[in-house]
Structures are given as structure tokens and as C-alpha cells.
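Chemist: In the UniProt record's numbering, the protein residues as written are 1 to 545. For every residue, glycine included, the Cβ atom is placed at its ideal position computed from N, Cα and C. The structure is given below, and queries will be raised subsequently.
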């Protein structure tokens, strides 16, 4: 483990920070620190601005605050932090610097250094007060650049939005730092209430379950600590709502008759999801995408521009991504969606040429069950039901081989020249395509409104007509329920042992139109969702720059 990593492990928990920051604030307000004078270092023709401060033994013994660049950055050094006199240099960096793509920089970038290396032994942390220039309702943190990982890594941070500064705690004698806002987590806005567990709980679309949040009512400054135990509110309906509070928690902040209050969040503990916290890797935020998929592509749908790609032309099995092409070919035959058809058990027997009966995703139907064509379409796209696809092929009016050939002709006509199908469900590893081809296919497929709707709803329910058996199918794409900072307008999952996890997402955020992200060959299901969502966020952000 590097020395820098060992130092970072000493940083106290967020719970301890709350007490420590309070003590610091009291000390500052009581005037217990000496504020050392800033000294400008001549910087003729330089891009960066330099400040330097000499601290002698008498000054460090009393405790002091280094205040630079019109109080934009303050290093609050309590007695005992430094062991010897030193010059402190602070640089305002205006040169080109690689920044993390996931985050929004809202402050200047500063670099500080204790020039006497023996003056600070890293045993005690010190506090930094850091002003930011741009307002943001998203979760703010100070990040430092770690050369060991070539990434920006977060520091424990408390935001003071009314004063437009944050305070953080650090153990490093030298660091390049900036304040970033995380667009994956809204921290200021509104909150309402609902009856749930009857305790100090909240629903959040951003912070994972088991996270602990301090929620302030910004109108009266009352606060309550809650644990996230549910997902919500729906940002499509309430774009400015930060959380929904359990009724018991809400009453700690306001009478329930108010309905909606203004709040801000102060995370106390954020539950990690795999090796990520709020979309940022445990080793920090980097300036470029890191995608483990065997192949991937990110396309601007309106212009056809390839924003990012990795082995995009390499062909591989595409698994259940096949189904979208089959459904498009079927819909091009102009069927009557409310037409009632009978299920045949022979339809699913085609599936078992490629897998065991218990391995195939299907809608549980019996021979002779009647349902509508719409029920079959939604079963195929929402639940990825293989048997539903085969029934659609049978009732299409085309022979099965004729239908498969029509799929190949259609894909080739769109320009997906590396794509080939041998069956309509994706169960065969001989169904082949590339990430680039599938982005082209997606652009053509989503001209149909039925496909747009069927591949983006969270679940579909229907009842067989003759037996009255109820069916509920949940969308195989978990991002349909959890993506809060972009709108999914199309998606399809896929998995085979030979293909690994495959995923397509079509998404938008504004009036500039959608981006299409395709990943193929990801070893882990959660990683598949994370990486494809990363592609979407990257595309939506860089396209707007």
C-alpha cells in the first residue's frame, strides 16, 4: 500500500466530521486563530497565480489560518498541526488539466504545499475551507488528484450552500484540489412524505438503500437523520424532489399538512454499490471512460456520430438483443394488436434446441391458452420471453425460415452488414452482430412507437382470455427503475454463456435528442448496467459541451 493511501485511511468517518467541523466553526468564530498575511509571488506572463506565506515557529505554536485568493481557500492549522516553521505555497491552477468526466467542477483548482517537508508528519488532519464559484443543487465534495491512481479522489466534505463554501479534512502536505458536484445525486430541492415503515426513513432515487442522510428543512433549519429504505420519488413526475420522507421523519421537520418542504441533504454514510459510490469508482474519478466490455459503442442518434467506441466492429453473439429485430420485422407486417391468438406448446420447443427447459426465459403458458398479439409483444420485450417470440413468428403469416431471412434482409438494408441471424430469439450463439451494427439497428427500430413503449415500461400485466390466468412480467433492465438523471427511451438486455451480458440503452436528457449506448461481452450483470449507464451519461454530457 502506498504512503498516500495509508494517509487517506486515517481520515475520520463522516459522523466524526460533524462534531469536528462544529468545533472548528466555534473556534473560527471565537477568533482563536491568527490569520497569516498572504504574499503574492510575481508571476509575469504566467498562466497560474501564486501565493506564498511564511510561517515561523511562534505563529504555528499559536495556531493560524492561511487565507489565500480573497479568502477563496483557507487552510485552518490548529496548534500542533505543524512541527516546524515552513513556507506554504498555494497555486491557482489555470493551465489545462484533465478533469473527471462524471463530475462538474464548480470551483477554481488550487494546489497547496508545505515547503518544509519536516514540518508536517501527517499524524493530525487539518481543515480546508474552500469557496466555490458556481451554484449547484447536486452533492458537492472536495476531490484531490492522486497520481498513484491517476484519478480524482473524494475527501470528507460538508457543504455550506448559503455561504457558497465547503469544509473538508485532509492529511496531505501537498495536494491539488477542487470542488466538484456529482450530477448523479441531487442534494437540494423539495421533499414530501408518505406512510411507510413508521420510522426515520426516506426514499431516494439517488442514494442507495442503507445510506444514512441528514435532511435539513431549509426554512427553519430543523434536521432529522434518516436511513434510505426505498426508491423514489419519480423524477419524471417531480424533477425537483430530493427525497420522500416517511411521515414520522417528516413530522420532525414540519407539520404534515404543509405537504412539501424545501430541504438539503448532508450524507452521513453512503452505501457503496459494488466498488462504486454514486457512480464513482473506489479508486477515484478519471478523465476518461473505463469500460470492461469486449466491445462497446456510443452514438449520437440524430447525427450518427460515434462519440466513443471500443472494438465496435468486432462481431460476437448478441443474445436476446436479437428480439428487437424480430419484433420490428413482425410489426412491419402490420398485425392487429388486439387480435386473439392461441399459444402452442410447440412454439417453445424451438427454444430447447439451444438450452434446457429450465434455462429459457419465458412466459408461463399452456397449450391452447389464448391471448392478444399485444400480450405477446410486451412479453417478448419486457420479460424477454423466448416462447413469445416464437409464437409471434408462427402467427406472422410467414414461414419460420422465411421470417428469419426477413430479419437478415432487414438488418442488411439498414446497413448492419456484419449481422446475421439463424433463429429469432437470441438463444443461438450463432446469431452474430457488432456493437456498431446494433447501434445502427437501434436507430432504425425505434421509429416504431410500440417498441418505444414496450421496451421502456417497468412491468407488463395481462390475463389469458380463456383461462383467466394472471401474468406479470418485470423489465429485465433494472435501470428502467433506477436511472434518475436521464430518460430511457429504449432498452434491451441479453445474456448467453458465449455472449456474456449485452445491453442496449437509448436515452435522452434534453431537446438535443437521444444517444445510443451498446455494450457486449460484460462478465458481470451489475457491471453491464453500470458501464452502459456510464456510456449514456458520458454521451449526454460531452454532446452538450
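1. By the three-class DSSP mapping on this structure, what secondary structure does residue 64 have?
2. Give me the Cα-Cα distance between residue 216 and residue 266, rounded to the nearest whole angstrom.
3. Specify, as a first and last residue, the run of the alpha helix (DSSP H) that residue 378 falls within.
4. Leaving out five residues on either side along the sequence, give the residues of the same chain with a beta carbon under 6 Å from the beta carbon of residue 419.
5. Considering only the alpha carbon of each residue, which of 423, 477, 451 lies closest to residue 353?
6. Just the C-alpha distance for residue 302 and residue 513, rounded to the nearest angstrom, thanks.
7. Report yes if the CB atom of residue 285 is closer than 9 Å to the CB atom of residue 100, and no otherwise.
8. By the 10 Å Cβ neighbour count, where 16 or more other Cβ atoms means buried, how is residue 527 classified, buried or exposed?
9. Can residue 251 and residue 451 be called in contact, C-beta distance under 9 Å?
10. DSSP beta-bridge partners for residue 546?
11. By how many angstroms is the C-alpha of residue 146 removed from the C-alpha of residue 480?
12. Using the beta-carbon count (16 or more within 10 Å), is residue 468 buried or exposed?
13. With a cut-off of 8 Å on the beta carbons, I'd call residue 209 and residue 241 a contact; round off their distance for me.
14. State the start and end residues of the unbroken beta strand (DSSP E) segment that holds residue 306.
15. Measuring CA to CA, which of 337, 369, 340 is closest to residue 346?
16. What do you get for residue 246, buried or exposed, if any count of 16 or more other CB atoms within 10 angstroms of its CB means buried?
17. Out of 356, 332, 495, point me to the one whose CA is closest to residue 320's CA.
18. Between residue 97 and residue 181, is the Cβ-Cβ spacing less than 9 Å?
19. Are the stretch 371-381 and the stretch 459-478 touching by the rule of at least three beta carbon pairs closer than 8 Å?
20. Give me the Cα-Cα distance between residue 517 and residue 183, rounded to the nearest whole angstrom.
21. Let's see if you can read the secondary structure: which residues bound the beta strand (DSSP E) around residue 129?
22. Please list, in chain order, all residues of the same chain as residue 532 whose beta carbon is under 7 Å from its beta carbon, the five residues on each side excluded.
23. When you compare the CB positions of residue 130 and residue 90, do they come within less than 9 Å of one another, or not?
24. Spatial neighbours of residue 500 within its chain, please: C-beta separation below 7 Å, excluding the five flanking residues on both sides.
25. Rounding to the nearest angstrom, what Cα-Cα distance links residue 477 and residue 356 in this structure?
26. Please list, in chain order, all residues of the same chain as residue 76 whose beta carbon is under 6 Å from its beta carbon, the five residues on each side excluded.
27. Excluding the 5 residues flanking residue 396 on each side, which residues of the same chain have their C-beta closer than 7 Å to its C-beta?
28. Measure the alpha-carbon distance for residue 31 versus residue 67 and round it to whole angstroms.
29. Can you give the beta carbon distance from residue 186 to residue 224, rounded, assuming they're within the 8 Å contact cut?
30. Give me the DSSP bridge partner(s) of residue 213.
31. Just the C-alpha distance for residue 202 and residue 164, rounded to the nearest angstrom, thanks.
32. Would you report the Cα separation of residue 103 and residue 339, rounded to the nearest angstrom?
33. Between 219, 194, 121, 466, which lies nearest to residue 233 when the distance is taken from Cα to Cα?
34. Taking DSSP as the reference, what is the three-state secondary structure of residue 274?
35. If we count Cβ pairs, one from each stretch, closer than 8 Å, do we get three or more for the stretch 309-318 versus the stretch 288-300?
36. Alpha helix (DSSP H) containing residue 537: first to last residue?
Modeler: Answer, in terms of the structure:
1. strand
2. 8 Å
3. 373-382
4. 411, 433, 437
5. 423
6. 7 Å
7. yes
8. buried
9. no
10. In the structure displayed, the chain extends from 1 to 545; residue 546 sits before or after that span and is not available.
11. 34 Å
12. exposed
13. Incorrect: roughly 17 Å between the Cβ atoms, too far for contact.
14. 306-310
15. 369
16. buried
17. 495
18. no
19. yes
20. 19 Å
21. 126-131
22. 503, 505, 517, 519
23. no
24. 521, 522, 523
25. 23 Å
26. 65, 127
27. 330, 333, 403
28. For residue 31, the predicted model reports a pLDDT of 37, less than 50, meaning its position is unreliable and no value from the coordinates is stated.
29. The Cβ separation is near 18 Å, so there is no contact.
30. 226, 267
31. 27 Å
32. 50 Å
33. 194
34. coil
35. yes
36. 525-543
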